[in-house]
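Participant:
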Amino acid sequence: MEQARTALSHLLQSHDPQPALVIGAQWDLLQLNRGAQWLAETLMPELFASAPFRPNMLDLVLHPQGLMGYVINKEEAAADFWAQLRRDLVDQPELAPKVDAFVQMFAPLLQASGNNQGPTFINPLLTLRFLTGHGELAFFRMFSTFGSPHDITLASMRVEHMFPADEHTRAVLQNT
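Numbering (this note's numbering), first residue to last: 17 to 192.
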């Protein structure tokens with residue numbers, strides 16, 4: 017496991033100042049780099065500061081003052097998250113209560129976009145657009161996982177890498 021921890025730390029640090037975070041099977045936030053810490057504190061300073069030691073990303077999405085409150089393109093983001101949750105639910109049935117809460121909370125957005133059965137994407141990548149004190153920040157995401165893990169904990173981890181989708185976002189990150 018030490019090799020895995022070292023690899024994750026290196027991956028997170030090398031991605032700075034761009035946000036990167038390690039998420040567990042239940043969407044628990046296991047590790048984050050400086051860029052992800054900055055983004056979380058920028059978007060949800062009070063909520064993130066009061067979050068438990070290991071905040072859960074779904075809880076941060078579902079919270080009334082949470083992440084989705086800062087997303088500009090909520091309809092597109094909700095459809096993308098819903099698709100991910102449906103895939104995760106297959107392997108993690110324990111997520112069902114949070115998935116149900118997500119569907120209930122975002123049903124109007126999912127129905128308005130015709131995505132209550134899953135998203136129909138127009139763009140090749142989702143660009144998450146956040147309204148912040150720095151103006152609009154736009155990111156696209158990439159996930160990485162361990163190849164051929166022999167441990168269930170490693171098999172269920174994924175690293176979310178966020179990349180600036182425009183020059184303004186890139187410049188803001190360089191100045192953090």
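Glycine included, each C-beta is placed from N, C-alpha and C at the ideal position. Since the structure is predicted, the reported quantities are computational estimates derived from the model, not experimental observations.
For HIS36, which residues does DSSP report across the bridge?
Facilitator: Position 20 of the sequence shown holds residue 36. In the sequence as presented, His is not what sits at residue 36; that position holds Ala. According to DSSP, ALA36 bridges with HIS177.
Participant: Determine whether the beta carbon atoms of PHE156 and GLU176 lie at a separation below 8 angstroms.
Facilitator: Numbered from its first residue, the sequence shown carries residue 156 at position 140. Numbered from its first residue, the sequence shown carries residue 176 at position 160. No, the pair does not count as a contact, with Cβ atoms beyond the cut-off.
Participant: Should GLN100 be labelled buried (16 or more other beta-carbon atoms within 10 Å of its own) or exposed?
Facilitator: Taking the first residue of the sequence shown as 1, we reach residue 100 at position 84. Counting Cβ neighbours within 10 Å, GLN100 comes out exposed, since fewer than 16 surround it.
Participant: Who does ASN72 pair with in a DSSP beta bridge?
Facilitator: For the purposes of this step, residue 72 is taken as the residue at position 56 of the sequence shown. For ASN72, which the question treats as bridged, DSSP gives the partners ASP44.
Participant: What does the Cβ neighbour count give for ASN49, buried or exposed, with the cut at 16 atoms within 10 Å?
Facilitator: For this step, residue 49 is matched to residue 33 along the sequence shown. Flag for ASN49 reads buried.
Participant: Using C-beta distances below 6 angstroms, list every residue in its chain close to THR185, excluding the 5 sequence neighbours before and after it, in chain order.
Facilitator: By one-based count along the sequence shown, residue 185 stands at place 169. For THR185, where only same-chain residues beyond five positions count, the Cβ hits under 6 angstroms are LEU153 and ALA154.
Participant: Can you give me the C-alpha to C-alpha distance between LEU125 and LEU144, rounded to a whole angstrom?
Facilitator: Residue 125 sits at position 109 when you count from the first residue of the sequence shown. Residue 144 sits at position 128 when you count from the first residue of the sequence shown. Their backbone Cα atoms lie some 15 angstroms apart in a straight line.
Participant: Do you know whose CA, among LEU27, VAL106 and VAL115, lies nearest PHE97's CA?
Facilitator: Numbered from its first residue, the sequence shown carries residue 97 at position 81. Ranking the options by Cα distance to PHE97, first place goes to VAL115.
Participant: Report the rounded CA-to-CA distance for VAL77 versus LEU83, giving the unit in angstroms.
Facilitator: Your numbering for residue 77 matches position 61 in the sequence shown. Your numbering for residue 83 matches position 67 in the sequence shown. Rounded to whole angstroms, VAL77 to LEU83 spans 5 angstroms at the Cα level.
Participant: May I ask you to report which of helix, strand or coil DSSP gives THR143?
Facilitator: Taking the first residue of the sequence shown as position 1, residue 143 is located at position 127. Residue state, collapsed to three classes: strand.
Participant: Count the other C-beta atoms from every protein chain shown that fall within 10 angstroms of the C-beta of PRO135, then say buried if there are 16 or more, exposed otherwise.
Facilitator: Here residue 135 is taken as the residue at index 119 of the sequence shown, counted from 1. The pLDDT assigned to PRO135 is 47, lower than 50, so where the model puts this residue is not dependable, and the model offers no usable value.
Participant: Using a 10 Å radius around the Cβ and a threshold of 16 neighbouring Cβ atoms, would you call ASP167 buried or exposed?
Facilitator: Numbered from 1 along the sequence shown, position 151 holds the residue referred to as residue 167. Exposed, since its Cβ has fewer than 16 Cβ neighbours within 10 Å.
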